[in-house]
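*Asks:* The structure follows.
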Amino acid sequence: MNTFYFIAFLSVFFSILVITAKNPVHSILYLVLTFFTFTIHYILMNAQFLAIVNFIVYMGAILVLFLYTLMLINLNKESEPRKSNLVKFAGVIGGGCFLVTIVAALKAFGVSQPVVLNDPNLGLVKNLGKILFNEYLLPFEVSSILLLSAMVGAVLLATKETKTA
Amino acid sequence: MGIADIVIKFILVVIIFAISLLIALYSTYAERKVAAFFQDRIGPNRAGPFGLLQPFADGAKMFLKEEIIPTNANAFLFIAGPSLSILTACIGSAVIPWGQKLTIGTHVIDLQVADINVGVLYILGVVSLGVYGVMIGGWASNNKYSLLGAIRAASQNISYELSMGLSIIALLMVTGTLSLREIAEQQHGFWSHGWFTWNFFKQPLGFLLFIVCAFAETNRTPFDLPECETELVGGYHTEYSSMKLGFYLFSEYINMFISSAVMATLYFGGYNFPFMDHIGSPNLVAIIGIAVLFAKIFFFIFFFMWVRWTIPRFRYDQLMDLGWKGLIPLAIANIIVTGIVITFLNR
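Chains W and S, in that order, are what the protein sequence lines are. Going by my numbering, the first sequence opens with residue 352, and the numbers climb by one from there. Going by my numbering, the second sequence opens with residue 5, and the numbers climb by one from there.
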């Protein structure tokens, strides 16, 4: 349990650094660290497959692309848009309202009931694969079609301009 | 797990670490000698007999050179880049089974640091993490050539990771496990049930795809576009000097060693060799197995060098074309054919 609290603290700490860092590239690097702590959370929950996939897909691919894009567009402190005081004021009020709502909502809840898994080894590759391809085959296939359509859509949007030009 | 096991694991980790570094050190020497042989030269022959002390002389030179951090570079990330690079190069060896279990007295020594049941995916994860060292170093140098090298490294790694993953999927359909130990055990001996046991003979196309991707992931010629010296001065390590440059160069050789070990384990039987069942003593089999595995690894390292001094560098668009239009469709076709054959054989 102590490990959990330590890792959870690191997750929150790095996420705060993500949004407070001045340099966008530093932000992404903190985000990488945040995702790394998520990987440790998954391992603590005995979900090895999810942990390693989070590691490969998020840390190894998606964030590399984020970093890639940010390095290309070269954001500087000078090019950062200046926000007017009105926008800042509205932001503070909006954020404050949100905080009050969250606190009120949390207060309304009782102590959460921990869910005990029937099979603690559910997260191992073999069990996960069996469940995904037997019990949840339809949702699995539907979500893969969703991803495919997103991919085709992105390619279509990207190639549209070159054809008309 | 008793205290003895922990001590044994610790010693094993230290030995593997030392061997990785030693092999990387002598790979630099071997590379020069191989290059010299291919170009009809002599190669390093001044430091020690046959120039054998050359790597140590180079290491000392790297340590003693002036350490330069460019004025406008981000100092922390500038140092973090090569550190991360060498770290990710070294942690890959943790899941590779180096030999069968040794029995000394009552102790059974497992020659694998961690037998995790997602071993193959762990290797992929480490490979995908390797690009951060190059990207961070290239960006932190605050140099346009370095940045271009870093960006090339990122897009190249992501493109070739995809086909590497797809070629491994076909292999996993054959083996049915993600544990490298089990994959090595399945390739026991050389011949059984009327076919070769080594996965190379079951997945020849998969191996071809894997080795091409391994060349791209380790940034070796013909895919060394991130440090392409004819276009980008020195690529991502243009601004680096002294041991930080040494770490970048060194991690490339360690990566070469680890990927050779992975290729030998996944496709060429790992520590298995023909007629291993005819030797009585299991410990002798284990020791010969380790030697065989290293022989295979050295062959692959030689192959990396052979290709480097034979094939010229690709152009960047050719590299992307090969990755996306050549390797990925081939890998998907390989998965489909493997699936059909497995279904047919199991009927």
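Built from N, CA and C at the ideal position, the CB exists for glycine as well.
Just the Cα atoms here: how many angstroms apart are I100 (chain S) and I291 (chain S)?
*Replies:* Answer to the nearest angstrom: the Cα atoms are 16 Å apart.
*Asks:* So, for L209 (chain S): in the same chain, excluding its five sequence neighbours on each side, which residues have a beta-carbon less than 6 Å away from its beta-carbon?
*Replies:* Excluding sequence neighbours, L209 (chain S) sits near N338.
*Asks:* Go ahead and pull the three-state DSSP assignment for F400 (chain W).
*Replies:* Note: F400 (chain W) maps to helix in three-state DSSP.
*Asks:* Using a Cβ cut-off of 9 Å, which residues of the stretch 151-173 of chain S contact any Cβ in chain W, in chain order?
*Replies:* Cβ contacts with chain W: L151, A154, I155, A158, S159, N161, I162, E165, L166 and G169.
*Asks:* Quick one, are the C-beta atoms of S263 (chain S) and T314 (chain S) less than 8 Å apart?
*Replies:* It is not a contact, given that the beta carbons lie outside the stated cut-off.
*Asks:* What does the alpha-carbon distance come out to for the pair P230 (chain S) and L176 (chain S)?
*Replies:* Taking the straight line joining both Cα atoms gives about 31 Å.
*Asks:* Could you check how far apart the C-beta atoms of E71 (chain S) and S255 (chain S) are, in whole angstroms? I think they sit under 8 Å.
*Replies:* Actually they are not in contact, since the Cβ atoms of E71 (chain S) and S255 (chain S) sit about 18 Å apart, beyond 8 Å.
*Asks:* Verify whether the separation of the beta carbon atoms of M422 (chain W) and I155 (chain S) is less than 8 Å.
*Replies:* The answer is yes: Cβ separation under 8 Å.
*Asks:* Please give the ranges of any alpha helix (DSSP H) in the stretch 252-325 of chain S, keeping only runs that are unbroken, at least 4 residues long and fully inside the region.
*Replies:* The stretch 252-325 of chain S contains these whole alpha helix (DSSP H) runs: 286-312 and 320-325.
*Asks:* Rounding to the nearest angstrom, what Cα-Cα distance links L26 (chain S) and S183 (chain S) in this structure?
*Replies:* Cα-Cα distance, rounded: 27 Å.
*Asks:* Is it buried or exposed, L400 (chain W), if we count other Cβ atoms within 10 angstroms and call 16 or more buried?
*Replies:* Residue 400 (chain W) is actually Phe in this sequence, not Leu. By the 10 Å Cβ count, F400 (chain W) comes out buried.
*Asks:* Relative to the C-alpha of M309 (chain S), which residue among S:E243, S:D228 and S:V296 is closest?
*Replies:* With distances taken between Cα atoms, M309 (chain S) lies closest to S:D228.
*Asks:* Name, going along the chain, the residues of the stretch 270-286 of chain S whose beta-carbon falls closer than 8 Å to a beta-carbon of chain W.
*Replies:* Flagged: no residues at all.
*Asks:* Hey, which unbroken runs of the beta strand (DSSP E) at 3 residues or more fall wholly within the stretch 140-189 of chain S?
*Replies:* List check, beta strand (DSSP E) in window: nothing returned.
*Asks:* Please determine, among W:I370, W:N397 and W:N374, the residue with the shortest C-alpha to C-alpha distance to T385 (chain W).
*Replies:* Closest option to T385 (chain W), Cα to Cα, is W:I370.
*Asks:* Whole angstroms are fine: how far does the CA of Y257 (chain S) sit from the CA of I127 (chain S)?
*Replies:* Their backbone Cα atoms lie some 17 Å apart in a straight line.
*Asks:* Where do the ends of the alpha helix (DSSP H) carrying L380 (chain W) lie?
*Replies:* Here the alpha helix (DSSP H) through L380 (chain W) covers P375 to L395.
*Asks:* Give a yes or no on whether 8 Å exceeds the smallest Cβ distance from G129 (chain S) to chain W.
*Replies:* Output row for G129 (chain S): interface = yes.
*Asks:* What do you get for V506 (chain W), buried or exposed, if any count of 16 or more other CB atoms within 10 angstroms of its CB means buried?
*Replies:* It is exposed - the Cβ of V506 (chain W) has fewer than 16 other Cβ atoms within 10 Å.
*Asks:* In terms of residues, what are the limits of the alpha helix (DSSP H) holding V415 (chain W)?
*Replies:* Taken as a continuous stretch (DSSP letters only), the alpha helix (DSSP H) holding V415 (chain W) covers L414 to I424.
*Asks:* Report all residues from its chain with a CB closer than 7 Å to the CB of A402 (chain W); omit the five preceding and five following residues, and keep chain order.
*Replies:* If we look at A402 (chain W) and ignore the five residues flanking it on each side, its Cβ neighbours are T390, Y393 and I394.
*Asks:* Check the Cβ of Q399 (chain W) against every Cβ in chain S and list those closer than 8 Å, keeping chain order.
*Replies:* Within 8 Å Cβ-Cβ: I120, N121 and V122.
*Asks:* What residue from S:F42, S:K69, S:Y33 and S:F67 has the CA that sits closest to F54 (chain S)'s CA?
*Replies:* The option with the nearest alpha carbon to F54 (chain S) is S:Y33.
*Asks:* Going along chain W, which residues have a C-beta under 7 Å from Y126 (chain S)?
*Replies:* Within 7 Å Cβ-Cβ: I403.
*Asks:* Check whether the Cβ of A419 (chain W) lies closer than 8 Å to any Cβ atom in chain S.
*Replies:* For the sequence presented, residue 419 (chain W) should be read as Tyr rather than Ala. Cβ-Cβ to chain S under 8 Å: yes for Y419 (chain W).
*Asks:* Assign H197 (chain S) to one of three DSSP states: helix, strand, or coil.
*Replies:* If DSSP states are grouped into helix, strand and coil, H197 (chain S) belongs with coil.
*Asks:* Please list the residues of the stretch 248-270 of chain S that have a C-beta atom closer than 9 Å to any C-beta atom in chain W, keeping them in chain order.
*Replies:* Cβ contacts with chain W come from no residue of the stretch 248-270 of chain S.
*Asks:* Following a CB-centred definition, is A218 (chain S) positioned closer than 7 Å to any heavy atom of the ligand ADP?
*Replies:* This structure lacks the ligand ADP, and indeed carries no ligand of any kind.
*Asks:* Please identify the residue among S:G330, S:Q116, S:K329 and S:F348 whose C-alpha is closest to the C-alpha of K13 (chain S).
*Replies:* Per the Cα distances, S:Q116.
*Asks:* Can you tell me the Cβ-Cβ gap for A412 (chain W) and S132 (chain S), rounded? I've got them flagged as a contact below 8 Å.
*Replies:* Indeed, because the Cβ distance is near 6 Å, the residues count as touching under 8 Å.
*Asks:* Since Q191 (chain S) contacts W199 (chain S) with CB under 8 Å, what's their CB separation in whole angstroms?
*Replies:* Not quite, the Cβ-Cβ distance comes to about 12 Å (not below 8 Å), so this is no contact.
*Asks:* Would a C-beta distance cut-off of 8 Å place A174 (chain S) and T342 (chain S) closer than the cut-off?
*Replies:* Yes; because the gap between Cβ atoms is below 8 Å, this pair is in contact.
*Asks:* Quick check: the Cα distance between S366 (chain W) and V383 (chain W), rounded to an integer number of angstroms?
*Replies:* Roughly 10 Å separates the two Cα atoms.
*Asks:* Would you call N472 (chain W) buried or exposed, if buried means 16 or more other Cβ atoms sit within 10 Å of its Cβ?
*Replies:* Exposed, by the Cβ-count rule.
*Asks:* Using the C-alpha atoms, what's the distance from A265 (chain S) back to F298 (chain S)?
*Replies:* When rounded, the distance between both Cα atoms is 8 Å.
*Asks:* Across the stretch 73-88 of chain S and the stretch 39-48 of chain S, are there enough close Cβ pairs to call them in contact, namely three or more that are closer than 8 Å?
*Replies:* Verdict: no, contact absent.
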